[in-house]
Amino acid sequence: MTASFRAKRWYEGIAECQQQNEGYVLVTVVGTAGSTPRESGSKMVVTASHTIDTIGGGHLEFDAISRARAYLAKGETRTELHSYPLSSALGQCCGGAVKVLFDVCNLHQQQVAIFGAGHVAKALVPILAQLPVRIAWIDSREDLFPDALPANVQKIVEDAPESEVRHLDENSWLIILTHDHQLDYRITEQALKHPSLPFVGLIGSDTKAKRFKTKLTHRGFDEHALARLVTPIGNRDIPGKQPIEVAVSISAQIIARLHHDNRSATPSAVSDVSVSHMQTSKLNKTGCEQLIATTLGDSESSSSKKDTTRDIK
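Each residue of the sequence shown is one higher than the one before, counting from 1 in the UniProt record's numbering.
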């Protein structure tokens, strides 16, 4: 018996791109006049290597794909509206005119690796999971993880959590919150051996931070490596030792860092038609949609505060 074939729809394409952290353009017919290949509301997804769904084929679709890939190549998240007179510009016999909206989403979801599944991590993960990040949550104790996790959180159970450091993506950010100071140190040491990991955040007090830095210096780590170690992690303008308070403090620092790193690639202003389009597409605001719709406020972690122990894990 021959298996039935069903082409993917545009919304499945978006979900796939977001899951794979792949940039894409959502191409939508938003206006028509006269005879046209497809009606208003027709959509397709274009990536650097493939397309999903269709806006009618022919010269119109060929030009739209080329234009979408040119936008992707610029590395920007933007929204553009383009008009196509089909007969004069594209030589199609339909004779009508089409307006096409290009929602360009150059996805980059920062990977955040959280080591430890204790009280602070359990308070922290639901907060960070609402941001445009991919979370690797690592612990040796499977029973500590919640039964249900957000879609952008991957649970990793590993007897030697420090061994997972070498499997992280380049430019991953680490948040070290384990129940064991010796394990904290092993993870920290492994992370600092990889120059491609720019942010190694460690929970604890100023005293713990000094001890770790002294030991790392004796092990041969120079000032450039130690500069990547952020300890105590968190925004000290947010006091408190309760798990939720520590989690909010860490989240504030991560949000500030996300905002700082994205400042040079701020999306252009989104037109009214684009906002309307995104609202009626009935997609959850994840990935690119969330980046466009959400403004992250500036917040910076302060320096030189008194020693505050935050070893609640």
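Ideal Cβ positions, reconstructed from N, Cα and C, are used throughout, including at glycine.
DSSP three-state assignment for residue i, whether helix, strand or coil
i: Ile114; result: strand
i: Arg211; result: helix
i: Gly13; result: helix
i: Thr79; result: strand
i: Gly58; result: helix
i: Glu289; result: A caution first: Glu289 carries a pLDDT of 40, below 50, which makes its placement in the model too unreliable to give a value.
i: Thr231; result: coil
i: Pro126; result: helix
i: Thr217; result: helix
i: Leu26; result: strand
i: Pro146; result: coil
i: Gln154; result: strand
i: Ile175; result: strand
Burial state of residue i (16 or more Cβ within 10 Å)
i: Gly220; result: exposed
i: Ser35; result: exposed
i: Pro132; result: buried
i: Arg186; result: buried
i: Asp184; result: buried
i: Glu37; result: Note that residue 37 is Pro in the sequence shown, not Glu. Buried, by the Cβ-count rule.
i: Asn152; result: buried
i: Arg166; result: exposed
i: Ser271; result: Residue placement at Ser271 is flagged as unreliable, the pLDDT there being 31, under the threshold of 50; the coordinate-derived value follows with that caveat. It is exposed - the Cβ of Ser271 has fewer than 16 other Cβ atoms within 10 Å.
i: Glu223; result: exposed
i: Glu39; result: exposed
i: Ser249; result: buried
i: Arg141; result: exposed
i: Thr178; result: buried
i: Pro161; result: buried
i: Gln19; result: exposed
i: Thr77; result: buried
i: Thr217; result: exposed
i: Ala7; result: exposed
i: Ala225; result: buried
Reference residue i, options the options, closest by Cα
i: Glu80; options: Glu22, His59 and Ala64; result: Ala64
i: Asp159; options: Phe115, Lys241 and Ala129; result: Phe115
i: Thr231; options: Pro126, Gln242 and Arg211; result: Arg211
i: Gly58; options: Ala70, Tyr71, Leu86 and Thr77; result: Leu86
i: Val120; options: His259, Tyr84 and Ser251; result: Ser251
i: Gly201; options: Ala113, His224 and His82; result: Ala113
i: Arg236; options: Leu192, Asp206 and Lys99; result: Asp206
i: Gln242; options: Gly118, Arg228, Glu189 and Phe145; result: Gly118
i: Ile244; options: Gly204, Thr178, Val125 and Phe102; result: Val125
i: Gly75; options: Gln154, Asn106 and Ala209; result: Asn106
i: Phe102; options: Glu162, Gly31 and Asp147; result: Gly31
i: Cys17; options: Ala7, Ala33 and Thr51; result: Thr51
i: Ile233; options: Gln154, Arg134, Lys215 and Phe199; result: Phe199
i: Tyr71; options: Gln154, Val27 and Glu164; result: Val27
Whole-angstrom distance between residue j and residue i, CA atom to CA atom
i: Asn21; j: Ile138; result: 20 angstroms
i: Gln110; j: Val157; result: 21 angstroms
i: Lys43; j: Trp173; result: 36 angstroms
i: Ser49; j: Val29; result: 21 angstroms
i: Pro195; j: Arg257; result: 18 angstroms
i: Thr47; j: Gly23; result: 6 angstroms
i: His260; j: Gly41; result: 36 angstroms
i: Ile254; j: Gly204; result: 17 angstroms
i: Asp169; j: Ala136; result: 10 angstroms
i: Glu61; j: Ala129; result: 36 angstroms
i: Gln182; j: Leu229; result: 16 angstroms
i: Ala15; j: Val45; result: 11 angstroms
i: Ile175; j: Ala209; result: 14 angstroms
i: His82; j: Gly13; result: 22 angstroms
i: residue 394; j: Ile127; result: Residue 394 is absent from the structure shown; the chain starts at 1 and stops at 313.
i: Ala227; j: Glu164; result: 22 angstroms
Whole-number beta carbon distance between residue j and residue i, since they are thought to touch under 8 angstroms
i: Val25; j: Ala68; result: 4 angstroms
i: Val100; j: Tyr84; result: 6 angstroms
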